[in-house]
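Inspection log for the structure reproduced underneath, given as structure tokens.
Numbering (the working numbering), first residue to last: 4 to 167.
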């Protein structure tokens, strides 16, 4: 059985070739897996407090916007500074934060950038306490390839509990 796959640019579907065990495979599958692995590494860096490494997953001129922030954070160093402050606050409160991303969509654009969208759950666990969902949001990214690596050029986070 051949399953329909998204084509580059998200303009429709195309038939994928049968792969092992009758699963559909395409060039889009490889990109999807690459982006999924990128996010796994990126969120693990953030959740482990490796702020410099996490900020390094953004371009030098990267932009981070969120409807929870009064203004966009522009530039890798500014993004890193914001993450460092949050990490220090979590450490002072003895809280562990985890980001769980799912429902990933990936579309390669004609200009070579990649549009990626995820749903995200942010969980917090106080030391000795019970884990709980802090918030849910969507995350819309523009990814670019530099030096063979994916980087976030622009991230827009929209918390579900706040006005757009």
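Backbone N, C-alpha and C define an ideal beta-carbon position, used for all residues, glycine too.
Since we're looking at a predicted model, the values are computed, not measured.
How is the alpha helix (DSSP H) around residue 135 delimited, first residue to last?
As a position in the chain shown, residue 135 is number 132, starting the count at 1. It is not in any alpha helix (DSSP H) - residue 135 instead sits in the beta strand (DSSP E) that spans 135-149.
Rounded separation between residue 160 and residue 141 - CA only:
As a working note, residue 160 is residue 157 in the chain shown. As a working note, residue 141 is residue 138 in the chain shown. Those two C-alpha atoms are separated by around 6 Å.
Residue ranges of each alpha helix (DSSP H) run of no fewer than 4 residues wholly in the segment 44-97, ordered along the chain?
54-58 and 79-96
Nearest to residue 155 by alpha carbon, out of 98, 77, 134 and 163?
Taking the first residue of the chain shown as 1, we reach residue 155 at position 152. Considering only alpha carbons, the answer is 77.
Count the other C-beta atoms from every protein chain shown that fall within 10 angstroms of the C-beta of residue 115, then say buried if there are 16 or more, exposed otherwise.
Position 112 of the chain shown holds residue 115. When all chains shown are included, residue 115 counts as exposed.
Can you tell me where the beta strand (DSSP E) holding residue 119 begins and where it ends?
Stepping through the chain shown from its first residue, residue 119 is reached at position 116. First-last of the beta strand (DSSP E) with residue 119: 117-129.
Quick check on this structure: which residue in 103, 55 and 88 has the alpha carbon closest to the alpha carbon of residue 40?
As a first step, residue 40 is located in the chain shown; it is residue number 37 there, counting from the start. The shortest C-alpha separation from residue 40 is found at 103.
Measure the beta-carbon distance from residue 112 to residue 50 and round it to whole angstroms, keeping in mind my assumption that it falls under 8 Å.
As a working note, residue 112 is residue 109 in the chain shown. As a working note, residue 50 is residue 47 in the chain shown. Contact flag wrong, Cβ pair sits at about 29 Å.
Residues bridged to residue 109 by DSSP?
Counting from one through the chain shown, the residue named residue 109 turns up at place 106. Partner(s): 119.
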